[in-house]
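In mature numbering (1 follows the signal peptide of the UniProt record, and there is no 0), the protein residues as written are -21 to -1, 1 to 249.
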């Protein structure tokens, strides 16, 4: 008997093959547990206590910055005020400078710089005793390195009082401490000149001239020195450089003659 095998429908064959295929592995979940790894705790998480500490530190830092800014602003204001006083002094407004120094001291309290400016202002307003006292106080409260301008101021007071011996000592001290002080060399040269000290006067005035790069006031003093000691070639050279008129030349010559008489009355030049 011949058996005939009938072909299975395609859909049925596919279903049978699918049934025979291996089953995919499924994730096994046990009640109350998970097979997935637990998340790692985030180390960057900040607790409320830590946040409070951070905020407090930031507030302290801001407070410090504001305090520093206030201090810098105050220092700038103080510096500008003293700069204004210095400009007044340079413009021969020493009385106004004294008024501003009073205002400065009331607001900020006196500083070493304001005290030195006050002493200079007393000197420039012919208040010699007050200037002397102010300089002496500064001298007692200063180191040797700080005392150069003070000795110079004292030397100027001595000149104004006509005490050339004291002026000599004080100005020599000033240039010893501050060897680049052009004004001190200039005044010291004139003191030497009035005392008839030819070479010391020339040396001091030449230092002032070369340090200042040929300042006109120093050149005028060199011309005066040359006329006093009959160095007429140098006197003419200085007068030509300064473009002096005939009137100016005659005035300087008259000053030189007065100094010559003074020297002669003391026994001549040394």
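From the three backbone atoms N, C-alpha and C, an ideal C-beta is built for every residue, glycine too.
Cα-Cα separation, residue i to residue j
| i | j | result |
| --- | --- | --- |
| residue 148 | residue 182 | 16 Å |
| residue 244 | residue 199 | 24 Å |
| residue 191 | residue 53 | 35 Å |
| residue 34 | residue 115 | 54 Å |
| residue 57 | residue 39 | 27 Å |
| residue 193 | residue 59 | 31 Å |
| residue 233 | residue 203 | 10 Å |
| residue 7 | residue 30 | The predicted position of residue 7 is uncertain, since its pLDDT is 48 and thus under 50; a value taken from the coordinates is nonetheless stated next. Taking the straight line from one Cα to the other gives about 42 Å. |
| residue 37 | residue 74 | 50 Å |
| residue 46 | residue 55 | 14 Å |
| residue 158 | residue 43 | 43 Å |
| residue 67 | residue 110 | 17 Å |
| residue 124 | residue 240 | 39 Å |
| residue 122 | residue 99 | 19 Å |
| residue 275 | residue 126 | Shown here, the chain extends from -21 to 249; a query on residue 275 therefore has no answer. |
| residue 72 | residue 238 | 31 Å |
| residue 226 | residue 217 | 15 Å |
| residue 103 | residue 41 | 47 Å |
| residue 197 | residue 224 | 18 Å |
| residue 210 | residue 97 | 41 Å |
| residue 246 | residue 155 | 29 Å |
| residue 219 | residue 152 | 34 Å |
| residue 81 | residue 88 | 9 Å |
| residue 32 | residue 26 | 10 Å |
| residue 70 | residue 105 | 16 Å |
Cβ pair residue i, residue j closer than 7 Å
| i | j | result |
| --- | --- | --- |
| residue 129 | residue 143 | no |
| residue 208 | residue 177 | yes |
| residue 101 | residue 113 | yes |
| residue 184 | residue 201 | yes |
| residue 168 | residue 242 | no |
Neighbourhood of residue i by C-beta, 7 Å cutoff - its chain only, sequence neighbours within 5 removed
| i | result |
| --- | --- |
| residue 166 | 134, 135, 138, 150 |
| residue 140 | 107 |
| residue 171 | 179, 180, 183 |
| residue 173 | 143, 238, 241 |
Supposed close pair residue i, residue j - CB separation, criterion 8 Å
| i | j | result |
| --- | --- | --- |
| residue 95 | residue 79 | At roughly 14 Å, the Cβ-Cβ gap does not stay under 8 Å, so residue 95 and residue 79 are not in contact. |
| residue 164 | residue 187 | 4 Å |
| residue 235 | residue 206 | 4 Å |
| residue 61 | residue 92 | 6 Å |
6 Å Cβ shell around residue i - same chain, five flanking residues per side excluded
| i | result |
| --- | --- |
| residue 161 | 187, 190, 191 |
| residue 76 | 64, 67, 68, 100 |
| residue 145 | 137 |
| residue 48 | none |
Any non-hydrogen atom of the ligand ZN closer than 6 Å to residue i Cβ
| i | result |
| --- | --- |
| residue 225 | As presented, the structure is devoid of all ligands, the ligand ZN included, so that no description of it is given. |
Residues near residue i by beta carbon distance below 8 Å, same chain, minus five either side
| i | result |
| --- | --- |
| residue 84 | 93 |
| residue 120 | 91 |
| residue 9 | Low local confidence applies: a pLDDT of 46 at residue 9 is under 50, so the model's placement there is unreliable, with the coordinate-based value given in what follows. Taken in chain order, the list of residues that qualify is empty. |
| residue 215 | none |
| residue 228 | 218 |
| residue 195 | 221 |
| residue 28 | none |
Residue ranges of each alpha helix (DSSP H) run of no fewer than 4 residues wholly in the region 164 to 214, ordered along the chain?
-> 177 to 191, 195 to 207
At what residue ranges does the region 30 to 63 contain a whole run of the alpha helix (DSSP H), taking only runs of 4 or more?
-> none
Complete runs of the alpha helix (DSSP H) confined to the region 97 to 137 [at least 4 residues] = 107 to 119
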